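Chemist:
Residue numbers (the working numbering): 17 to 231.
1) Going by other Cβ atoms of all chains shown within 10 Å of its Cβ, with 16 needed for buried, is residue 92 buried or exposed?
2) Does the region 144-154 come close enough to the region 113-125 to have 3 or more Cβ pairs within less than 8 Å?
3) With DSSP run on the structure shown, which of helix, strand or coil describes residue 82?
4) Where do the N-terminal and C-terminal ends of the beta strand (DSSP E) with residue 38 fall, by residue?
5) Can you tell me the Cα-Cα spacing of residue 50 and residue 65, whole angstroms?
6) Would a C-beta distance cut-off of 8 Å place residue 44 and residue 33 closer than the cut-off?
7) May I have the straight-line CA-CA distance separating residue 95 from residue 88, to the nearest angstrom?
8) Excluding the 5 residues flanking residue 252 on each side, which residues of the same chain have their C-beta closer than 7 Å to its C-beta?
9) List the residues that DSSP assigns as beta-bridge partners of residue 164.
10) What's the call for residue 42, buried or exposed, on a 16-neighbour Cβ count within 10 Å?
11) From residue 76 to residue 55, what distance separates their C-alpha atoms?
12) Count the other CB atoms, across all protein chains shown, that sit within 10 Å of the CB of residue 30; report buried if there are 16 or more and exposed otherwise.
13) Where does residue 133 land, buried or exposed, given buried means 16+ other C-beta within 10 angstroms?
14) By the three-class DSSP mapping on this structure, what secondary structure does residue 203 have?
15) Can you have a look at residue 52 and say buried or exposed, based on whether 16 or more other CB atoms are within 10 angstroms of its CB?
16) Using the three-state DSSP reduction, which class does residue 64 fall into: helix, strand or coil?
In structure tokens form, the structure reads like this:
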């Protein structure tokens with residue numbers, strides 16, 4: 017409420033001294049004209065306060081009815097979509113690695129098989145081969161089959177070095193230096209990837225696409 021005062025004080029807005037009222041809220045003095053303006057300002061603040069209250073109430077109600085409208089939920093949805101896209105990209109890269117590796121290997125194998133087929137065909141047509149030839153060709157075919165089977169040993173490793181929720185996957189392609197023949201006290205295991213010397217001290221050797229020996 018505003019009260020009239022007999023002492024000569026001026027309006028805080030226009031500095032006039034006629035018809036002065038003091039606002040008990042802010043403690044300022046206003047003339048008759050500007051006390052109405054001041055009241056309008058208070059009414060505007062009350063209206064804004066009421067609107068902000070109603071807006072907050074409506075927002076809370078909407079999120080309660082539909083929790084997915086919460087800003088954090090929307091942020092999680094964006095994160096989920098971006099993560100899915102990264103997974104799709106990683107899977108696509110891994111597929112490309114497998115296709116590239118196997119296509120290269122298969123191309124070389126088919127070339128070697130074609131060469132072997134030519135040799136076999138010529139020897140068969142001319143009936144020109146003996147036991148040692150058959151043994152050599154069998155060993156060659158076994159070697160090619162072992163190399164082909166090595167593709168089944170392709171494994172995928174996960175990169176856990178990065179601080180991420182989902183590990184990155186990558187292709188781990190084994191070497192094609194597969195052991196396929198031994199002499200002496202030596203055994204081949206794990207599809208040609210491992211050789212083990214026996215308990216004797218006798219010399220032994222293993223054959224693969226490269227040359228390895230163990231004494």
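Just so you know, even glycine gets a beta-carbon here, dropped at the ideal spot from N, CA and C.
Computed from a predicted model, the values in this text were never measured in an experiment.
Modeler: For this structure:
1) exposed
2) no
3) coil
4) 37-39
5) 23 Å
6) no
7) 10 Å
8) Only positions 17 to 231 of the chain appear in the structure, and residue 252 is not among them; the question remains open.
9) Answer is none; residue 164 lacks a bridge partner.
10) exposed
11) 32 Å
12) exposed
13) exposed
14) strand
15) exposed
16) helix
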